[in-house]
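Numbering (my numbering), first residue to last: 2 to 152.
Written as structure tokens, this is what we have:
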């Protein structure tokens, strides 16, 4: 398998919606993806693309994941990996690329119900700071930090 990282392109939008939907549904099956998708379809191109760094990961030339990073706040907005491509190094490669952009601490939220993501981030050396909640949905989350110098 060949993994390649690159800047996210507008042509990636449509495939990214399906990838996002599959990843979130697999991570937290109780989510109502039909209710969430219209907001995501609006937020991604309107908010994230113009103001964030968005990286894409292709595995064998197929979009396998993406990361959304806000360098102004050292904030990881999203790390999304296709469930069928997890454990293939996609998430780790995207996080490594984000680390290349930001040497200092990087903060983010993880839904408390997303046990797989929590385990992944903790394997990377991320540290749970405190309980939190998504500002848009109110979902219970954990606030994490990826300390400077960790890879």
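For each residue, glycine too, the CB sits at the ideal point set by N, CA and C. Everything numeric in this text was worked out from a predicted model, so none of it was measured.
- Exposed or buried, which one is residue 33 when buried takes at least 16 other CB atoms within 10 Å? For this step, residue 33 is matched to residue 32 along the chain shown. Exposed is the call here.
Practice item. Would you kindly report the start and end of the unbroken beta strand (DSSP E) that includes residue 141? Key: The sequence position of residue 141 within the chain shown is 140, counting from 1. From DSSP, the beta strand (DSSP E) with residue 141 extends over 141–147.
Whose C-alpha, out of 2, 10 and 96, is nearest the C-alpha of residue 124?
-> On the chain shown, residue 124 is found 123 positions in, with the first residue counted as 1. Measuring from the Cα of residue 124, the nearest candidate turns out to be 96.
- How big is the Cα-Cα spacing for residue 60 and residue 19? If you number the chain shown from 1, residue 60 lands on position 59. If you number the chain shown from 1, residue 19 lands on position 18. Using only the alpha carbons, I get a separation of about 16 Å.
query = Just reading off the beta strand (DSSP E) that residue 66 is part of, what are its end residues?
reply = Counting from one through the chain shown, the residue named residue 66 turns up at place 65. Residue 66 -> beta strand (DSSP E) spans 63–71.
Original post:
For residue 108, does the three-state DSSP call read helix, strand or coil?
Top reply: On the chain shown, position 107 is the one that residue 108 refers to. Looking at residue 108 - three-state DSSP - the assignment turns out to be strand.
- Task: For the alpha helix (DSSP H) holding residue 102, just list the boundary residues, first then last.
- Result: On the chain shown, position 101 is the one that residue 102 refers to. Note, residue 102: alpha helix (DSSP H), 91–102.
Between residue 131 and residue 144, how many whole angstroms is the CB-CB distance? I'm expecting something under 8 Å. Residue numbering aside, residue 131 sits at position 130 when the chain shown is read from its first letter. Residue numbering aside, residue 144 sits at position 143 when the chain shown is read from its first letter. Correct: roughly 5 Å between the Cβ atoms.
Buried versus exposed, by CB contacts within 10 Å (16 or more), residue 14 | Reading the chain shown from its first residue, position 13 is the one you call residue 14. By the 10 Å Cβ count, residue 14 comes out exposed.
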